[in-house]
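Student: Have a look at this one before I ask anything.
Numbering (my numbering), first residue to last: 137 to 737.
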């Protein structure tokens, strides 16, 4: 019997598979199903035969309300028509192993998962008795299903080879209906005949009893089983499940919420996400955006956004609030649907602010230029929080400074749930005239101490400079076309080198090789302009620029365009002279002065 206390104990394969077959064991319907390869099934059984540790099985004892829900699936191959009782245990860790053993031993009439064939698993008894365990378990496959009657006839003819179908372990004696076949007279006779025909191949001292015990050892193998109490609440179970899956085929928070919201008539994936009216936020990060919307919702409702708080958004999950006692964060499925739609609406508004190039926007004209995509959840929750207030220029200035400071800090580069929650709580207290706490604690010397020569592509510091270039009106070198219009440009604008990577310059450069890919040698240009620059020296392509109709040989017009790329007069002079080392030094100074002006003026 399964114990109810929360402590590890042993469960035999025989008992565990009996629970599986009876439909007492189930898996959450958000799991990805049985995905092991046939060779992995063989490896597992070989480990069991050698009595190796094969991991822990973790189950959650279901109370009546959860066991009667329709959010559970039987393990692969179990016949749903034979199971009339409600499930007792949800398997949180061990589905692949239990499904493998069930398929190999119970031999269900179903294709192996992700295959168009039936697989039958066998053991080579001669190898096992000689302690030759490599490939002692193998499989055969075919288009036709082999039931026990067929396998039994094959097995009877394999006395000399010692090949036994693992289905023998679940088979019944055809003469005694309730008797396991491995205890039958027929099986005992087969073992004795096997001993007689293979005595020259087998170790001394074997008996029919010892061989029978060896075959049955697969069923008698003990798994460590850990039982979670039915008294644990759903958010706690979800959090445990998420942690368990981090090292395997990890399921996202969105996958988990999709399943646990189902009983409340919330179709998170099919109705709310797939039919989302804000298509542009899907372009940002379609894999993770559903989770970011959930984080937005959690921040707004709870001030926190880690997984355990997100699971608290499942309707009727009690959350303690000191001033109110125990309350429901979300009362029912209808309320969740409404909250999701609002969270998505404000996420799209946050996207607009992030990607537009207005005076107080952020300027990430392409999704790849967003410094920290998770900060969108913070912005969205803040906008939602002042829904009935006024999104005035002072607040937008506050938001812009907050995002720039966050990107420069690189605090969002790793696991950011804690950072997001802290920033949201602090920014939510904004009042006219106040500064983001990030900025209140930042000074000129903090900007001076950033080494932009080591800032490489992909970092938040790199991307925020691209944003500042867009906000600064960094027109294309040759066409003077303005980047980012209305929403964000779909032109072929990218971050390209100012000194081309293969340029051959006359002046000796100490820093070129180590810094050529840094943000100091990058700016926003059309791809067509980058092709025209190719591997030319700056002095060469600047001369070409000056001769174009747009500039009409006016050097001041050329300088004016480059100024918006944080290339001041002194840097321009170094650029004309192909002086890379002095150019990046001067450009770094110009970038830092621009940042200080935005943040501190």
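All C-beta atoms, glycine included, are put in the ideal place defined by N, C-alpha and C.
Excluding the 5 residues flanking residue 276 on each side, which residues of the same chain have their C-beta closer than 8 Å to its C-beta?
Tutor: The residue given as residue 276 occupies position 140 in the chain shown. Cβ neighbours of residue 276 beyond the five flanking positions: 255, 256, 258.
Student: Using 7 Å as the threshold, is the C-beta distance between residue 226 and residue 192 below it?
Tutor: For this step, residue 226 is matched to residue 90 along the chain shown. For this step, residue 192 is matched to residue 56 along the chain shown. No.
Student: Quick check on residue 363: does DSSP put it in helix, strand or coil?
Tutor: Taking the chain shown and counting its residues from 1, the one referred to as residue 363 is at position 227. Correct three-state label for residue 363: strand.
Student: How big is the Cα-Cα spacing for residue 522 and residue 600?
Tutor: In the chain shown, counting from the first residue as 1, residue 522 sits at position 386. In the chain shown, counting from the first residue as 1, residue 600 sits at position 464. Residue 522 and residue 600: Cα-Cα distance of roughly 26 Å.
Student: Could you please give the first and the last residue of the uninterrupted alpha helix (DSSP H) stretch that includes residue 514?
Tutor: The residue you call residue 514 lines up with position 378 of the chain shown. Unbroken alpha helix (DSSP H) run through residue 514: 511-521.
Student: Tell me whether the beta-carbon of residue 307 lies closer than 7 Å to the beta-carbon of residue 326.
Tutor: In the chain shown, the residue the question calls residue 307 occupies position 171. In the chain shown, the residue the question calls residue 326 occupies position 190. No, Cβ-Cβ distance for residue 307 and residue 326 is not below 7 Å.
Student: So, is residue 603 buried or exposed, given that buried needs 16 or more other C-beta atoms within 10 angstroms?
Tutor: Translated into the one-based positions of the chain shown, residue 603 becomes position 467. Result: buried.
Student: What is the rounded straight-line gap between the Cα of residue 624 and the Cα of residue 484?
Tutor: Taking the first residue of the chain shown as position 1, residue 624 is located at position 488. Taking the first residue of the chain shown as position 1, residue 484 is located at position 348. Residue confidence for residue 624 is low, a pLDDT of 41 falling below 50, so the modelled location carries little weight and cannot support an answer.
Student: So residue 662 and residue 617 are supposed to be a Cβ contact under 8 Å. How far apart are they, rounded?
Tutor: If you number the chain shown from 1, residue 662 lands on position 526. If you number the chain shown from 1, residue 617 lands on position 481. The pair is a contact, with the Cβ atoms about 7 Å apart (cut-off 8 Å).
Student: Since residue 596 contacts residue 473 with CB under 8 Å, what's their CB separation in whole angstroms?
Tutor: Position 460 of the chain shown, counting from 1, holds the residue named residue 596. Position 337 of the chain shown, counting from 1, holds the residue named residue 473. Actually they do not touch by this definition, with Cβ atoms about 34 Å apart.
Student: Are at least three pairs of beta-carbons, each pair with one atom in the segment 695-710 and one in the segment 640-654, less than 8 Å apart?
Tutor: No, the segment 695-710 is not in contact with the segment 640-654.
Student: Pop quiz: residue 614 and residue 684 are said to be a contact at Cβ under 8 Å. What is the actual Cβ separation, rounded to whole angstroms?
Tutor: If you number the chain shown from 1, residue 614 lands on position 478. If you number the chain shown from 1, residue 684 lands on position 548. The pair is a contact, with the Cβ atoms about 6 Å apart (cut-off 8 Å).
Student: Can you tell me where the beta strand (DSSP E) holding residue 148 begins and where it ends?
Tutor: Position 12 of the chain shown, counted from the start, is the residue given in the question as residue 148. Its beta strand (DSSP E) spans residues 144-148.
Student: Spatial neighbours of residue 589 within its chain, please: C-beta separation below 6 Å, excluding the five flanking residues on both sides.
Tutor: Sequence index remark: in the chain shown, residue 589 carries index 453 (1-based). Taken in chain order, the residues that qualify are 651, 654, 656.
Student: Just to confirm, are residue 573 and residue 565 a CB contact at a threshold of 7 Å?
Tutor: Translated into positions along the chain shown, residue 573 becomes position 437. Translated into positions along the chain shown, residue 565 becomes position 429. No; because the gap between Cβ atoms is not below 7 Å, this pair is not in contact.
Student: Tell me where the beta strand (DSSP E) around residue 658 begins and ends.
Tutor: Within the chain shown, residue 658 is the residue found at index 522, counting from 1. Start and end: 658-662.
Student: Between the beta-carbon of residue 244 and the beta-carbon of residue 160, is there less than 7 Å?
Tutor: Looking up residue 244 in the chain shown gives position 108. Looking up residue 160 in the chain shown gives position 24. Going by C-beta atoms, residue 244 is not nearer than 7 Å to residue 160.
Student: Per DSSP, which residues does residue 223 bridge with? Please list them.
Tutor: As a first step, residue 223 must be located in the chain shown, where it is residue number 87. DSSP, once it has assigned bridges, lists no residue as partnering residue 223.
Student: Name the two residues that bound the continuous beta strand (DSSP E) containing residue 277.
Tutor: Looking up residue 277 in the chain shown gives position 141. Taken as a continuous stretch (DSSP letters only), the beta strand (DSSP E) holding residue 277 covers 273-278.
Student: State the start and end residues of the unbroken beta strand (DSSP E) segment that holds residue 194.
Tutor: Against the chain shown, residue 194 aligns to sequence position 58. Its beta strand (DSSP E) spans residues 192-197.
Student: Could you work out which residue in 476, 321, 737 is closest to residue 578 when comparing CA atoms only?
Tutor: As a first step, residue 578 is located in the chain shown; it is residue number 442 there, counting from the start. Nearest option by C-alpha distance: 737.
Student: Alpha carbon to alpha carbon, how far is residue 194 from residue 176? Give it in angstroms, no decimals.
Tutor: Within the chain shown, residue 176 is the residue found at index 40, counting from 1. Within the chain shown, residue 194 is the residue found at index 58, counting from 1. Answer to the nearest angstrom: the Cα atoms are 20 Å apart.
Student: Would you say residue 216 touches the ligand SAM, meaning its beta carbon is less than 6 Å from a heavy atom?
Tutor: As far as ligands go, the structure on display features none, and thus does not contain the ligand SAM.
Student: Around the Cβ of residue 278, are there at least 16 other Cβ atoms within 10 angstroms (buried) or fewer (exposed)?
Tutor: In the chain shown, the residue the question calls residue 278 occupies position 142. That one is exposed.
Student: Would DSSP call residue 539 helix, strand or coil?
Tutor: In the chain shown, counting from the first residue as 1, residue 539 sits at position 403. In the structure shown, residue 539 sits in a helix (DSSP, three-state: H, G or I).
Student: Determine the closest residue to residue 486 out of 468, 420, 549, with distance taken between C-alpha atoms.
Tutor: Reading the chain shown from its first residue, position 350 is the one you call residue 486. Answer by Cα proximity: 420.
Student: Give me the residue from 246, 183, 242, 144 with the minimum Cα distance to residue 150.
Tutor: Here residue 150 refers to the residue found at position 14 when the chain shown is read from its first residue. Residue 242 is the option with its Cα nearest to residue 150.
Student: So what's residue 208 in DSSP terms, helix, strand or just coil?
Tutor: Locating residue 208 in the chain shown gives position 72, counting from the first residue. Three-state DSSP puts residue 208 in a strand.
Student: In chain order, what residues of the same chain lie with their CB nearer than 6 Å to the CB of residue 329, ignoring the 5 residues before and after it?
Tutor: In the chain shown, the residue the question calls residue 329 occupies position 193. Closer than 6 Å at the Cβ level, and outside the excluded window around residue 329, lie 295.
Student: Do residue 156 and residue 238 have their C-beta atoms within less than 7 Å of each other?
Tutor: Counted from its first residue, the chain shown places residue 156 at position 20. Counted from its first residue, the chain shown places residue 238 at position 102. Cβ distance < 7 Å, so residue 156 and residue 238 count as in contact.
Student: With a CB to CB cut of under 7 Å and the five nearest residues on each side skipped, what residues in its chain are close to residue 682?
Tutor: Position 546 of the chain shown, counted from the start, is the residue given in the question as residue 682. Closer than 7 Å at Cβ, skipping near neighbours: 689, 691, 694.
Student: Using C-beta distances below 6 Å, list every residue in its chain close to residue 514, excluding the 5 sequence neighbours before and after it, in chain order.
Tutor: Position 378 of the chain shown holds residue 514. So the list reads 556, 559, 560, once near-sequence residues are dropped.
Student: According to DSSP, simplified to helix, strand and coil, what is residue 445?
Tutor: The residue given as residue 445 occupies position 309 in the chain shown. Of the three classes helix, strand and coil, the one that applies to residue 445 here is helix, per DSSP.
Student: Is it buried or exposed for residue 628, if we count other Cβ within 10 angstroms and need 16 for buried?
Tutor: The residue given as residue 628 occupies position 492 in the chain shown. So residue 628 ends up on the exposed side.
Student: Quick one: residues in its chain with C-beta nearer than 7 Å to the C-beta of residue 425, no 5 flanking neighbours on either side, listed in chain order?
Tutor: Along the chain shown, read from residue 1 onward, the residue named residue 425 stands at position 289. Closer than 7 Å at Cβ, skipping near neighbours: 417, 418.
Student: Reducing DSSP to helix, strand and coil, say where residue 319 ends up.
Tutor: Taking the chain shown and counting its residues from 1, the one referred to as residue 319 is at position 183. Residue 319: helix per DSSP, three-state reduction.
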